[in-house]
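Before any comments, here is the structure.
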Amino acid sequence: MIKNKKAKWTVRLLLLVGTAVSMFFVPWILVKAWILPLPDTVQGQVEEAIGHGFDGMIVYVDEAGKPPAFYTGGWKDRENKIPADPKSLFKIASISKLYTAVAATKLVKEKLLSFDNKLTDYLPELKGRIENAEEITLKMMIQHRSGIPNFTDNPAYWENEQEKGKNPLDFALDLPASFEPNEGYEYSNTNYLLLRRIMDNVLGYSHHQYIKEKILAPLDLNNTFFSITEVDLNDVMSGYYVGHEEDFKAREYGMLATAEDVGIFLRALNDGSVFDEGEQEIYPYEYNHGGLVIGYQSLAEYHKDMDAVVVQFINTTDFNGYEWNLSEITMNRIVKILRKKG
Numbered sequence: 081m082i083k084n085k086k087a088k089w090t091v092r093l094l095l096l097v098g099t100a101v102s103m104f105f106v107p108w109i110l111v112k113a114w115i116l117p118l119p120d121t122v123q124g125q126v127e128e129a130i131g132h133g134f135d136g137m138i139v140y141v142d143e144a145g146k147p148p149a150f151y152t153g154g155w156k157d158r159e160n161k162i163p164a165d166p167k168s169l170f171k172i173a174s175i176s177k178l179y180t181a182v183a184a185t186k187l188v189k190e191k192l193l194s195f196d197n198k199l200t201d202y203l204p205e206l207k208g209r210i211e212n213a214e215e216i217t218l219k220m221m222i223q224h225r226s227g228i229p230n231f232t233d234n235p236a237y238w239e240n241e242q243e244k245g246k247n248p249l250d251f252a253l254d255l256p257a258s259f260e261p262n263e264g265y266e267y268s269n270t271n272y273l274l275l276r277r278i279m280d281n282v283l284g285y286s287h288h289q290y291i292k293e294k295i296l297a298p299l300d301l302n303n304t305f306f307s308i309t310e311v312d313l314n315d316v317m318s319g320y321y322v323g324h325e326e327d328f329k330a331r332e333y334g335m336l337a338t339a340e341d342v343g344i345f346l347r348a349l350n351d352g353s354v355f356d357e358g359e360q361e362i363y364p365y366e367y368n369h370g371g372l373v374i375g376y377q378s379l380a381e382y383h384k385d386m387d388a389v390v391v392q393f394i395n396t397t398d399f400n401g402y403e404w405n406l407s408e409i410t411m412n413r414i415v416k417i418l419r420k421k422g
């Protein structure tokens, strides 16, 4: 407790100075996006977000008891001045981890996998190449509690990620663990790279086919794909990186889907209808997720209090900037508008 009056005022002054200094380093675009009066409609918020510098945006809202709603702003294709289209395919990046986790759960229920088995039970060649491989369980990998380093954190990977992506595991081998198994949390794409390899091995065929048969087909998700090679490029929303003119649409970044397909899947995940009997009880992962690759950022959320699914696609990124934070602020404001409308 500070008893001296002068000392008290000194402390208060230091706190004020510290606050002022910290505010000086907060990007004002984020402050502006946060404090602006909330628009009355989701469409108004989308248009406001485009005004912050995003090239294009798609929002899908599925509120229980109402028909799904679509909102768009900006460009699907900036160069050719094609407006954003709610039916466009979008690169969903790490949202794909939800599909992998559901598929792994189904394989556990079928007794083809076990969440308690170790990494070396399935990939024995990794003993000595990945630290603690003989102690790391599949469940730890799914929950990002394995300590396995994230290959996308390796700067060498990004020297030419399209070429290096052909052998991405090379950038995680022989590195020290981030922590002992189950003793911490660190988001690592390597976990899911290994999970997908294990799934391929136990199935004897691609896990893509398994996901199609067990998840996509039952939900009639006909606009979800695993590679840019499976689709017509004209159906894909362009992707942009701040400061670059290049359209990143043709690059390979894994799964693509429409906002509606992602929304249908997310509702099925959260209401349990994606699962067969006994699967939801053992499902070990998240129920919401985001995705980020060059040119594409996405958020998919279920809000139980409103019984609403919201999917947000934005085709502008800058890994050294604030676009991800701006995207999260925009999503939060959309959810506030939906709550306000009741």
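For the sequence shown, the tail end lands on 422 under this note's numbering, and the numbers increase by one without skipping. The beta carbon of each residue, even a glycine, is placed where N, CA and C say it ideally should be. Predicted model only: the values in this text are computed from it and were never measured.
*Hey, out of Ile409, Ala184, Ile308, whose CA is closest to Tyr290's CA?*
Answer by Cα proximity: Ala184.
*Would you call the stretch 145 to 160 and the stretch 116 to 131 touching, i.e. three or more CB-CB distances under 8 angstroms?*
At 8 angstroms Cβ cutoff, the stretches touch.
*Whole-number beta carbon distance between Pro229 and Thr270, since they are thought to touch under 8 angstroms*: Sure, about 6 angstroms apart at Cβ, within 8 angstroms.
*If we call anything under 8 angstroms between Cβ atoms a contact, is Asp165 one with Tyr320?*
Not a contact, by the Cβ cut-off of 8 angstroms.
_Per DSSP, the bridge partner or partners of Val373_ = Beta-bridge partners of Val373 (DSSP): Tyr376.
*Along the chain, which unbroken stretches of the alpha helix (DSSP H) at least 4 residues long are found entirely within the stretch 287 to 341?*
Taking only runs of at least 4 residues, the alpha helix (DSSP H) segments lying wholly in the stretch 287 to 341 are 287 to 291.
*Exposed unless 16 or more other CB atoms sit within 10 angstroms - verdict on Val415*: Burial call: buried.
*asked:* Suppose only complete runs of 4+ residues qualify. What are the alpha helix (DSSP H) ranges in the stretch 146 to 203, listed by chain order?
replied: Those alpha helix (DSSP H) runs which fall completely within the stretch 146 to 203 and span 4+ residues are 176 to 189, 199 to 202.
*List the endpoints of the continuous alpha helix (DSSP H) containing Gly133.*
Where Gly133 is concerned, there is no enclosing alpha helix (DSSP H), given that its DSSP letter is neither H nor E.
*Three-state class that DSSP yields for Gln392 in the structure shown*: Assigned with DSSP and collapsed to three states, Gln392 falls in strand.
*Can you say whether Val111 is buried or exposed, counting buried as having 16 or more other CB atoms within 10 angstroms of its CB?*
Its Cβ having fewer than 16 others within 10 Å, Val111 is exposed.
*Beta-bridge partners of Thr217, as assigned by DSSP*: According to DSSP, Thr217 shares a beta bridge with Lys198.
_C-alpha gap between Ser102 and Trp108, whole angstroms_ = Only weak support exists for where Ser102 lies, its pLDDT of 43 falling under 50; the coordinates are left without a value.
_Closest by C-alpha distance to Val141, when choosing among Trp404, Asp387, Thr397_ = Comparing alpha carbon positions, the residue from Trp404, Asp387, Thr397 closest to Val141 is Asp387.
*Since I believe Leu218 is in contact with Ile417 (beta carbons under 8 angstroms), could you give me their beta-carbon distance rounded to a whole number of angstroms?*
Not confirmed; about 40 angstroms, so no contact.
_Give me, in chain order, the residues of the same chain whose beta-carbon lies closer than 6 angstroms to that of Asp385; leave out the 5 immediate sequence neighbours on both sides._
Scanning its chain for C-beta atoms nearer than 6 angstroms, with the 5 sequence neighbours on each side dropped, one finds no residue around Asp385.
_Cutoff 6 angstroms; reference Gly371; Cβ partners in own chain excluding five residues on either side_ = Taking C-beta separations shorter than 6 angstroms and ignoring five residues to either side along the sequence, the partners of Gly371 in its chain run Ile172, Ala173, Ser174, Ile175, Ser378, following chain order.
*So the alpha helix (DSSP H) Thr121 belongs to, where does it begin and stop?*
Premise fails: Thr121 is in no alpha helix (DSSP H) and is neither H nor E.
_Beta-carbon within less than 7 angstroms of Ala213's beta-carbon, same chain only, minus the 5 sequence neighbours each way: which residues are those?_
By the criterion of a C-beta distance shorter than 7 angstroms, Ala213 is surrounded in its chain by Leu199, Thr200, Leu206, Lys207, once the five residues flanking it on both sides are discounted.
*Is the number of C-beta pairs between the stretch 266 to 280 and the stretch 244 to 257 that are closer than 8 angstroms three or more?*
Three or more pairs of CB atoms, one per stretch, sit closer than 8 angstroms, so the stretch 266 to 280 contacts the stretch 244 to 257.
_Reference Glu143, options Arg347, Val182, Pro256, closest by Cα_ = For Glu143, the closest of Arg347, Val182, Pro256 by C-alpha to C-alpha distance is Arg347.
_Backbone CA spacing between Ala475 and Phe399 [nearest angstrom]_ = Residue 475 is absent from the structure shown; the chain starts at 81 and stops at 422.
*For Gly352, which residues from the same chain have a beta carbon less than 8 angstroms from its beta carbon, with the 5 sequence-adjacent residues on both sides left out?*
Cβ neighbours of Gly352 beyond the five flanking positions: Gln360.
*asked:* In the DSSP output, what is Ile210 paired with across the bridge?
replied: Per DSSP, Lys207.
*For the alpha helix (DSSP H) that Tyr272 lies in, which residues bound it at each end?*
For Tyr272, the uninterrupted alpha helix (DSSP H) segment begins and ends at 269 to 283.
*Could you work out which residue in Val322, Asp233, Gly323, Asp327 is closest to Leu313 when comparing CA atoms only?*
Minimum Cα-Cα distance from Leu313 among the listed residues Val322, Asp233, Gly323, Asp327 corresponds to Asp327.
*Quick one: give me the first and last residue of the alpha helix (DSSP H) that Arg419 is part of.*
From DSSP, the alpha helix (DSSP H) with Arg419 extends over 403 to 421.
_Contact test: Gly153 Cβ vs the ligand MN heavy atom, cutoff 7 angstroms_ = As presented, the structure is devoid of all ligands, the ligand MN included, so that no description of it is given.
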